[in-house]
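Respectively, the protein sequence lines represent chains A, B, C and D.
Take our numbering: the final residue in the first sequence is number 432, and no numbers are missing along the way.
Take our numbering: the final residue in the second sequence is number 284, and no numbers are missing along the way.
Take our numbering: the final residue in the third sequence is number 450, and no numbers are missing along the way.
Take our numbering: the final residue in the fourth sequence is number 1433, and no numbers are missing along the way.
All C-beta atoms in this analysis are idealised placements derived from N, C-alpha and C, irrespective of residue type, glycine included.
This report refers to the structure that appears directly beneath it.
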Amino acid sequence: MKKNKRYSIFSLARNARSYHENWAEAWRSPEPKPSYDAIIVGGGGHGLATAYYLAKEHGITNVAVVEKGPIGLGNTGRNTTVIRSNYLWDESAAIYELSLKLYEGLSQDLNFNIMLSQRGLISLAHNQHDMREMERRVNAIRLNGIDSEMLTLDQIREMVPILNLSPTSRYPVIGGSLQRRGGIARHDAVAWGLARAADDRGVDILQHTEVTGFRIQSGRIEGVETSRGFIAAPKVGVAVAGHSSVLAGMAGFRMPIQSRPLQALVSEPLKPIFNTVLMSATVHVYLSQSDRGELVMGAGTDGYNSYAQRGSPMILEDMLAAAVELFPIFSRVKMMRQWGGIVDICPDASPIVGKTPISGLFFNCGWGTGGFKAIPGSGFVFAHTLAQGEPHEFAAPFSLDRFTTGALIDEHGASGVAH
Amino acid sequence: MLQIPCPHCGPRDEVEFSCGGEAHIARPKESDALSDAEWADYLFMRANPKGVLAERWCHTLGCRRWFNVERDTVSHEILRVYPMGEPRGGGSGA
Amino acid sequence: MSDPSLHQSPLATLHLGGRESEAAPDALVQLAERRAVGKLNLRADPANTALMQALETVLGYALPLAPNRTNGAGERGALWLGPDEWLVTVLSGQENALLEALSQAAAGHHAALSNVSDARIVLSLSGPRAREVLEKGCSLDLHPRAFQTGHCAQTRLARAAILLHQTDDAPAYDIHVAWSFAVYLWVWLEDAAAEYGLAVGDGE
Amino acid sequence: MKRQRQRLDTGARIDRSQRLGFRFNGKSYEGFAGDTLASALLANGVRLVGRSFKFHRPRGIYSAGMEEPNALVQLGKGAASEPNLRATQVELFDGLEAASVNCWPSVKFDVWALNDRVSSMLPAGFYYKTFMWPKSFWHRYEKVIRKGAGLGIAPQAPDHNIYDKRHQHCDVLVVGGGPAGISAALAAGRAGARVILVDEQAELGGALLGNGERIEARSGVDWTLGARAELDDMAEVRVLTRTTAFGYYDQNYVLMVERVNDHLGAPAGTLRQRLWKIRAAQVVLATGAIERPMVFANNDRPGVMLAGAAQTYINRYGAKPGNRAALYVNNDCAYRAALDLVEAGIRVEAVIDVRANPTGEAVAAVRERGIDVLAHHAVGGTLGSKRLRGIEVLALNDKGDGFAGDIRRLRCDLLCLSGGWNPTVHLFSQSGGKLDFDEKQACFVPGEARQAVSAAGAANGVFALQGCLAGGTAAGREAAQKAGFEEPGAPAALPFSPPEADPLNPVWRLPPVSKGEMRFVDLHNDVTVSDIELAAREGYGAVEHLKRYTTTGMGPDQGRTGNMHALAILADIKGVSIPEVGTTTFRPPYAPVPYGVMAGRDVGVLTDPVRMTAIHGWHERSGAVFDDVGHWKRPWYYPRPGENMAAAVRRECVAARDGVALLDASTLGKIDIHGPDAAEFLNRIYTNSWSKLAVGRCRYGLMLGEDGMVMDDGVTTRLGETHYFMTTTTGGAARVMAWMEDWLQCEWPDLKVFLTSVSEQWATLSLSGPNARRLLSELAEGVDLSVQAFPHMSVRDGRVAGIDARIFRVSFTGELGYEVSVATSYGLALWQAFLRVGENYDLTPIGTEALHVLRAEKGYIAVGHDTDGTVTPGDLGMDWIVSTKKDFLGRRSLARADCVRPDRKHFVGLLPEARVPEGAQIVDEPRRRPPMKMIGHVTSCYDSATLGRPIALAMVAGGRERMGETVTIPLTMEGRVVKAEIVSPVFYDAQGERLNV
Ligand SMILES: Cc1cc2nc3c(=O)[nH]c(=O)nc-3n(C[C@H](O)[C@H](O)[C@H](O)COP(=O)(O)OP(=O)(O)OC[C@H]3O[C@@H](n4cnc5c(N)ncnc54)[C@H](O)[C@@H]3O)c2cc1C
Ligand SMILES: NC(=O)c1ccc[n+]([C@@H]2O[C@H](COP(=O)([O-])OP(=O)(O)OC[C@H]3O[C@@H](n4cnc5c(N)ncnc54)[C@H](O)[C@@H]3O)[C@@H](O)[C@H]2O)c1
Ligand SMILES: Cc1cc2nc3c(=O)[nH]c(=O)nc-3n(C[C@H](O)[C@H](O)[C@H](O)COP(=O)(O)O)c2cc1C
Ligand SMILES: [Zn+2]
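In structure tokens:
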């Protein structure tokens, strides 16, 4: 029986008749080949997107994605799925907007519904400093040709009637900004859809294959040592998020990265009550309601390094106090599950995409609290970087070298609260 | 919520402390002699190990003293607390 | 010296005056401001025995060297703040004189004295349920097996930094809180104590 | 009101003398004190209580506890409304109102049940495969999906109850108040340890309340009451019921929520729930075990229930869950339930057992009662829809992995399931402990612990009562001992060896009787065996993928009754062992926790402290408009009646330039710096040199981070030979103090310097304007205010208005200025004295906005306003303050390639045609449409009363080399474009003549 690969309402109906017994595997589980043209370490969104675009844009299909566990269970599988491109600096705006544009066609491109929901993203301002920063950001974003606007209190009230807009609250809301194209997507679907599409183009996805070292000969990469043996490749791209320092250590250099717990939680499912994404850097919380009905919520990182995928409950207490203050009707809504990820934080809150001291070895990391939205864009430019051996123009400013020259891209304002 | 044994005040909740990141990073004395890369190494590059990390903590809301801690970044277990200035791994345990 | 009649407590904005006489016979918690406490922040190296001796001579008692311990109480005593830091209390009005005397004693040594009488105010919290009230916002172990009369600790109470000092087994506590946080903490304490019945004292 | 027709006449833990009226789905019913909503509904014969998440299938009550996947209700109305409560956990109170969730218009006729009809189109993950064309339609589909999903509805009004928190330390925390937990608490308590014993139920007893077991010739309930009395007598033991331990965090930090008065209906304004934050030296987990179901077609009908639950409804609540029952089991234990059913007058049709030859004691007893035991049989399906009407039974084949023979139908309205037990290892797993797989009992049990924790009783995989008692005692005793307490002369622990019983035979999945039938694994999320098979087929065969693809275990019950089957079926499909498949991660909370209790009292006025200066009350009374700066609320401006902001600010500015203005500057950070090395320390902290500052003089300083970027600034004064007094920005106060302390303690311990924060000690009032000296001289005593005696940038001690004061002659407005600092408690008196005398000078209180206008006219930077952490002193044109003769923090960074780029952004002044918002971007080549290349942005912009025009400060690329050039500020949101000329940032009194008067 021929297995069904293509997804559509028709194939779904057809398969319903055969009790869904003929669906093909979304991606294969091949044995590793001895060598590949390129190896991507890390089967999160960034690694998978890189493999996909290597195959799609550069015709490089003899590629392996090497993942120590099952794919998509790192930060990609545990993030709060906020997507937006309203970043302050030109360099950031360029790469995040590329990403958002790619997201806008990704379901069709991958033939996998990633459930992109561009329901609009509101940031709240609570004081004059917030307003100033917001004006600066919104003006810059607009002049970069990206949608963004300031909101009045009345506009906010109309969009989010359940928000506490009392002028006497402790941190009264005095204004806000909106990116209408911002929103959320289904995190797992992004990883799975990319994996399926990359696999379809010939990429080998090697799950349960942990990279344990790099083989480096006179400053050049030769391949990776893994829990399933050595695999050779002239080019290796590493996208392991929170584990970047560990992998850099294997290659003999250090990174300007701290691995921090970032926590999130979901409520029990509720009927639709809240139809945008809302964030407040001042009271430290952001939230949205998923298509399944849970309120998905996050805040800032814990204050210490950790690889535990878990943080301290005091963050939750503060996060939920902020949530109840902003949304008094959520007081009796219940937290259902709470977890953490390991985010890779750079000193300037911007990523590192590009070359390393080892020739042929490239790193893509430092996306910290905000790299889900960057997945397609980052994969696109990182694939280019790997294929050409030189950074894509959008990736160039995000070189590791900037920490030496001082040309940092300070996006702290953008991530005062994680998202 | 970590419980951190302040060498002066004893075990206290994490809320009273602030973490100062990796310990034992000495400020270069003759910084002019350093290349930009060497200076960047001091400023930004960090070990960030998965496992035991020597880091600095300050009992901010308590005695305001800085001290060193060896903590496992996977289990969050605190293995050792020792004064500023004392080298890693050596000295008396706590 | 400043004209004491011009002095104003941060709690003045709460207009507690009328409430001091409020009858609360069943109250299990008493709360009042302790106004007569002058305070000096003292920094000195405890290993400098000559200095320690000189300071003791002026104070009339030794500075507590064990962490989180006090010597004396109320308007005359010293509270351990850190391994080289103490809060010296003195009847208010006398702080400048004491500061002067201590400075002279410390002359030639490395020591620091700052008058911080107004930096923090002192609230006294007492009554059979006083500990429960604190436990609502303070993560210290305040059980008598762990925290007793004569113990002190800098810590956090709700969202304010405090210096906590147990002054009686009853129990009774002095809570030192920053001037600017005083109203918040008072309101918080009133709220926390409400379920046990609160009597607002008239301070001293 | 209907009779409770399914109620037993005697026995059970309910109080038949206390009748409680309640409403469910609009109908009135009656129950008794001691009931849960679930038991009361069963007693009233109500079977259909809810609808499932995805297919909206009719569902009934499935369990008697926390593990309930079906019976979710919306409780209460308005401000008391709470979604998604388990009916099995809601204690009945008079007047309770509840309704089914996730159904429209009613639970009986739910339109969404259409989903069930098309369920073949909706397998796991169907949404990933469709709704992609046409692209623009997705958001419409999404709306429908969203409406169909979700369960209860969010409350419509803010909560009318309050929540609180308590910290507590103990030697031994015992979670779970069944026989094991009680034994542990008794043992630890007798040893003298500080013990906390918690149980989420209304009373202690655990399984004993429902299973009719006896201890030492007493009923389990009596034994429990005796133990409770002993525990209550121990001074250091605290027993908390209705309290759920839900999160186990690092270093034995356990969060628990106590439901204080939910069982009384939680009247408005009362304390409803309390969060307990426990730090325990040792933890004993005696959390019991959760019964597993059996899986077969249409196993979700109302009337299908766990066997232990049925037993509990009878023994504990006196409610008959049905009248004609069958049991479907794979172990001995459930046979006792069968006996209890019979005892309660329920007709038991048969016990269907997948095992070939069950022989245990209880089995024999059942047979003796004349009940049919259908060994080596299985249930293949059920009949009925809104309630169970019967079951289909089939014999198993020889291997026991498929059916043999014909379907046999049995009529029944209750089917009790028992597929074995899963120890409640959630908290143990949260604590970081490893789980082992117990092959014999087919369940995960606690293995190696990572924290100071042990498990006892059913939670430890010990299901026999004697073992629970012995294990609990041993665990309690050992925990106390580890915490330093031992009971003198405690009797030696009883040895315990588990009784031999027929092993259970886990049959996780049988083939479908007919294709396409629904065999539910996760009742909550409507996940079926086929979904699991589909996931495995499609490559989502890692257990974490399985969970996410099928959503099994992701509902509010977090898979309590279903997860084990999901793992086992996956293992079966993959041909590997269950431990090889592994579990998904157990995460807090163990049971859902309201946001409100996590927030506690930190809401409303207690959200966050408002820091107050001594003058705060006056500001409020005087109608100041405030702006938040950190925790402070600073007066922004003081509008007079009828005045708008612009007018008020203009008036305030004019006062400062022409007369005299008064500002509350108390929020500035202030630090006493003492010690022989203080000057050297300042040299390292600030960019400029401090070696030669004379006593009594002040100097402005700039502070950088090690990255060379401006971090803070302020004036520091030398008060004595070894005594300096530093001021910082308001926002930077805490940061700067911490920063300096860090360097002192960690890097430069050799420097003899002591730092003391005195921000709070001083109220600082700033007088500025040409009349400042005249005004001050009316109040000052003992200070010569003349220019010669008291020049700009110096300090004098004196008395002002009868108050000891320290007077700094400094200025941030560019006018003659004095900052008068007095002890904070005298701040208000001084302010009032100034106002009194100031009447003659038209003294005008000014807010931060006017201050900013004034300082901007002078080109003074405001750190954090004009700078953003990316600005060097060079960018600000402040090289003059950067010493080249010494090292200081951040210096080396200034030499990096990027910091010496000629085209960096420079701090400049702008003369814009009109006022623009701060943050507006600047371009050279305006275009009709974006994108446009930006060359900088406006950092500050004001209407300057002094200059009679708008002015701005900005960061502009290469700006200092472009004086006199015109740039453009496109305001695309407002649809206007403003031109501006680049000028020096100093707009006013460039020579500083007004300062030196
Ligand atoms: C709680 C939380 C909320 C967040 N919210 C948002 C948000 O709302 N919006 C947003 O844009 N971003 C958000 N983020 C950030 C975002 O999740 C990450 O930036 C992004 O997912 C990173 O993707 P990645 O592919 O680089 O890393 P990951 O998805 O973490 O993938 C890295 C992979 O590398 C693998 N790996 C590691 N070491 C090895 C090895 N030695 N050998 C082989 N494989 C290895 C890991 O197993 C993992 O699968 C959030 C993050 C968290 C934790
Ligand atoms: N015959 C069998 O096969 C079988 C199987 C299982 C259990 N049992 C019986 O069950 C009993 C087991 O005794 P036990 O003490 O181990 O367990 P138990 O079930 O009697 O008690 C566990 C208690 O822990 C509470 N609990 C669980 N998690 C909690 C949490 N997070 N916070 C607060 N409370 C929590 C529950 O409400 C319950 O009261 C015995 O009576 C035993 O005979 C028998
Ligand atoms: C956007 C989003 C929505 C989620 N929704 C649910 C949910 O409905 N139910 C649930 O149990 N978990 C939900 N989770 C949490 C996952 O179960 C899981 O905890 C998280 O992905 C981290 O993985 P881990 O807990 O296995 O480490 C959600 C996670 C994310 C990122
Ligand atoms: Zn300490």
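The beta carbon of N314/C falls within 8 Å of a beta carbon belonging to chain B, placing the residue at that interface. Residue state for C848/D is assigned as coil, using DSSP reduced to three classes.
Comparing alpha carbon positions, the residue from E652/D, F529/D, R493/D closest to N551/D is R493/D. In terms of Cβ geometry, L369/C and V423/C form a close pair [threshold 8 Å]. In chain order, M1048, H1052, G1053, E1056 make up the part of chain D whose C-beta sits under 9 Å from the C-beta of T259/C.
Note on the stretch 652-708 of chain D: whole beta strand (DSSP E) runs with a minimum of 3 residues are 673-676, 679-685, 689-695, in chain order. Straight-line spacing of the CA atoms in L1211/D and S1222/D works out to 13 Å. Residues of chain D whose Cβ lies closer than 7 Å to the Cβ of D226/B are, in chain order, R1332, A1333. Look at T680/D: its beta carbon is less than 7 Å from one of the heavy atoms in ligand 2. Proximity of the beta carbon of C904/D to ligand 2 is indicated: a heavy atom of the ligand is located closer than 7 Å.
At a cut-off of 8 Å between beta carbons, W247/B makes no contact with chain D.
With a threshold of 8 Å between beta carbons, L233/B makes contact with chain D.
According to the DSSP assignment, Y419/C belongs to the beta strand (DSSP E) that extends over 418-424. Within the chosen limit of 7 Å, ligand 4 does not reach the beta carbon of R315/C with any heavy atom. When DSSP states are grouped into helix, strand and coil, Y272/B belongs to the strand group. The C-beta of S221/B comes no closer than 8 Å to any C-beta of chain A. Contact between D993/D and P505/D holds, with the beta-carbon distance rounding to 4 Å and staying under 8 Å.
By the criterion of a C-beta distance shorter than 8 Å, R945/D is surrounded in its chain by V731, R955, V965, H1001, A1004, I1005, D1008, once the five residues flanking it on both sides are discounted.
Within chain B, the residues whose beta carbon sits less than 7 Å from that of F416/A are A230, F234, listed in sequence order. Ranked by Cα distance from P1353/D, the first of Y109/A, R323/A, E146/A, S325/A is E146/A.
Remark: the C-beta of W857/D is in contact range of ligand 2, defined as less than 7 Å to any heavy atom. Within chain B, no residue has its CB atom less than 8 Å from the CB of Q394/C, the nearest being about 14 Å off. For R202/B, the enclosing beta strand (DSSP E) starts and ends at 200-203. Closest in C-alpha terms to P615/D, from the list L484/D, P1309/D, L661/D, comes L661/D.
R1363/D sits exposed, since fewer than 16 C-beta atoms from the chains shown fall within 10 Å of its C-beta. 8 Å or more divides the Cβ of G588/D from the Cβ of L473/D. Given a length threshold of 3 residues, each whole run of the beta strand (DSSP E) inside the stretch 1331-1400 of chain D is given here in chain order: 1341-1348, 1357-1359, 1370-1380, 1385-1393. Here G82/A carries a coil assignment [DSSP, helix/strand/coil].
By the CB criterion at 8 Å, I807/D and A831/D fall outside the cutoff. A heavy atom of ligand 1 is found nearer than 7 Å to the CB of L260/A.
Remark: C-beta atoms of R845/D and G820/D do not approach each other more closely than 8 Å.
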